Amino acid sequence: MKSAASEHLRMNSDEREESEGKRPRYRAVFISDLHLGTPGCQAEALLDFLRASSSERLYLVGDIIDGWQLRRRWYWPQQHNDVVQKLLRRARKGSRVIFVPGNHDEFARQFLDHQFGGIEVMEDAVHVTATGKSLWVTHGDYFDGVIQYAKWLAYVGDTLYEWTLKLNRHLNHWRAKLGLPYWSLSAYLKLKVKKAVNFISDFEVAVAREAKKRGHHGVVCGHIHHAEMREIDGVLYCNDGDWVESMTALVEHHDGRLEIVHWGPVLAGQIADAREGKKRGAAAGPRAEAPVVEESGEDKLPVMVSRS
43 MKSAASEHLR MNSDEREESE GKRPRYRAVF ISDLHLGTPG CQAEALLDFL
93 RASSSERLYL VGDIIDGWQL RRRWYWPQQH NDVVQKLLRR ARKGSRVIFV
143 PGNHDEFARQ FLDHQFGGIE VMEDAVHVTA TGKSLWVTHG DYFDGVIQYA
193 KWLAYVGDTL YEWTLKLNRH LNHWRAKLGL PYWSLSAYLK LKVKKAVNFI
243 SDFEVAVARE AKKRGHHGVV CGHIHHAEMR EIDGVLYCND GDWVESMTAL
293 VEHHDGRLEI VHWGPVLAGQ IADAREGKKR GAAAGPRAEA PVVEESGEDK
343 LPVMVSRS
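Take the sequence shown: its letter number 231 is residue 273 in the numbering used here, and every next letter is one higher.
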């Protein structure tokens, strides 16, 4: 069966923009951990996702701009400007855009309850689904003991993570030349290192417990760069992932269904191929047709995975 993402690929950029004037594709979209201002940010894939995924509400669930990295070294290419402009345009065109700052963009917490270009800045938010479920929206860094009690260690860890991502980019550059698929070193380490796995599990439980304590049906968070949707002690735990490696988002359909969308390396590669084919087609004559992306199993990095 063809995924909704394959339909996105069949629309050119102008057609996608026009579609946003019609009924939004989703009732709500949740994204976090974009880390604009770092080389690791997958800005091109993010822009493509935003063009194809109009919504009534857009929640920016923290670590949108990486203030930590920008203080160390300035990095801000045009594509990162394009992402910011796209978010501002989304608010200007009538979507409600809510920004819940995280630890990497904690500077924005001094502007809580203010608006910038129509984007609302909030410490946390509550989203009510079409089926009446109350979801608490928070970045999640308040449940990270390292961030709260040993921030210096968090800075060290952030630097090591940047090195890992840099190594990962070089590694996948050569894997691509050899015809091998994308492989995430840091994701592999997270799954294999026992302490990292335990940290993720402890984090998920702590966030879910707090949501339950506050009287909500579920929680949407980010922070740990690990997209997930599962029930914990009667609470729906949702993590929308990141736009550094996994390129994932949480979406709510108009009937209230929640889904994790993987706009990952498979689709990013298809987009690049489509653009390259379009260039070749323009030079050779007829336009090259955009590729069709099929749904695949989790072990093959699915484009779209339904969870609820």
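Cβ coordinates follow ideal geometry from the N, Cα and C atoms, glycine included.
Every value quoted in this text rests on a predicted model; they were computed, and no experiment measured them.
Assignment of beta-bridge partners to residue 178 by DSSP yields 168 and 261. Under DSSP, no beta-bridge partner is assigned to residue 288. In the DSSP assignment, residue 85 falls within the alpha helix (DSSP H) that extends over 85-94. Excluding sequence positions up to five before and after residue 284, its CB lies within less than 6 Å of the CB of 75 and 267, all in the same chain and listed in chain order. Using a Cβ distance threshold of 8 Å, residue 98 and residue 138 count as a contacting pair. The continuous beta strand (DSSP E) containing residue 70 extends over residues 68-73.
Inter-segment contact for the region 64-84 and the region 241-261 is absent: fewer than three beta-carbon pairs are separated by less than 8 Å. It is roughly 6 Å from the alpha-carbon of residue 175 to the alpha-carbon of residue 259. Proximity of the region 88-95 to the region 109-119 falls short of the contact definition, fewer than three beta-carbon pairs being nearer than 8 Å.
Taken through DSSP and simplified to helix, strand or coil, residue 242 comes out as helix. With a cutoff of 8 Å on beta-carbon distance, residue 142 and residue 184 are scored as not near each other.
The continuous stretches of alpha helix (DSSP H) do not include residue 142, and DSSP gives it neither H nor E. Excluding the 5 residues flanking it on each side, residue 83 has same chain C-beta neighbours closer than 7 Å at 76, 77, 122, 285 and 286, in chain order.
When DSSP reads this structure, residue 97 sits in a beta bridge with 68. Note that the C-beta distance between residue 129 and residue 79 is not below 8 Å. Annotated as proximal: residue 261 and residue 249, with beta-carbon spacing under 8 Å. Between the C-alpha atoms of residue 181 and residue 67 there is a straight-line separation of about 24 Å. In this structure, residue 147 sits near residue 109, with a CB-CB distance shorter than 8 Å.
Residue environment for residue 96: buried (at least 16 other C-beta atoms within 10 angstroms of its C-beta). Rounded to whole angstroms, the Cβ separation of residue 298 and residue 171 is 5 Å, and the two are in contact under 8 Å. Beta-carbon to beta-carbon, residue 69 and residue 294 are separated by about 5 Å, close enough to satisfy the 8 Å threshold. When the five nearest sequence neighbours on each side are left out, the beta carbons in the same chain lying within less than 8 Å of the beta carbon of residue 168 are those of 176, 177, 178, 179 and 258, in order along the chain. In the structure shown, the three-state DSSP call for residue 122 is helix. As the crow flies, the alpha-carbon of residue 269 is around 16 Å from that of residue 106. Shortest Cα-Cα distance from residue 145 to any of 292, 186, 133 and 300 involves 186.
Within the same chain, and ignoring the five residues on either side of residue 104 in sequence, the residues whose Cβ sits closer than 6 Å to its Cβ are 74, 142, 143, 144, 181 and 264. In the DSSP assignment, residue 112 falls within the unbroken alpha helix (DSSP H) covering 109-114. The closest CA to that of residue 159, considering only 65, 149, 127 and 218, is found on 127.
Of the residues assessed, residue 288 falls on the buried side of the cut-off, its CB having 16 or more other CB atoms within 10 angstroms.
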